[in-house]
Amino acid sequence: MLPILEQYLGFNTNMMSLITALYILFDPVITCAHVLGNGAFVKLIDNIYSVTQKA
Numbered sequence: 025m026l027p028i029l030e031q032y033l034g035f036n037t038n039m040m041s042l043i044t045a046l047y048i049l050f051d052p053v054i055t056c057a058h059v060l061g062n063g064a065f066v067k068l069i070d071n072i073y074s075v076t077q078k079a
């Protein structure tokens, strides 16, 4: 990813260092949100399935 930022978008070394640091900081937060979102989606689908099975 970094060579693409450098070659095509013109990022310099400082900018790429900042992008890397932000990625390291936000990756666990984004992963947690993804897992929680998947759980909420499964719960929603399970509730819909339960309602359709009762009818």
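Taking the numbering used here as reference, the numbering of the sequence shown is continuous, increasing by one, and the terminal residue is 79. C-beta atoms are modelled at their ideal positions from N, C-alpha and C, and glycine is treated no differently.
In three-state terms, what does DSSP make of F35? Look at F35 here: in three-state DSSP terms it is coil, with no helix or strand label.
Mapping DSSP to helix, strand and coil, what is M40? DSSP places M40 in helix when its eight states are reduced to three.
Look at the alpha carbon of S74 and the alpha carbon of M40, and state the distance between them as a whole number of angstroms. A direct Cα-to-Cα measurement between S74 and M40 gives close to 49 angstroms.
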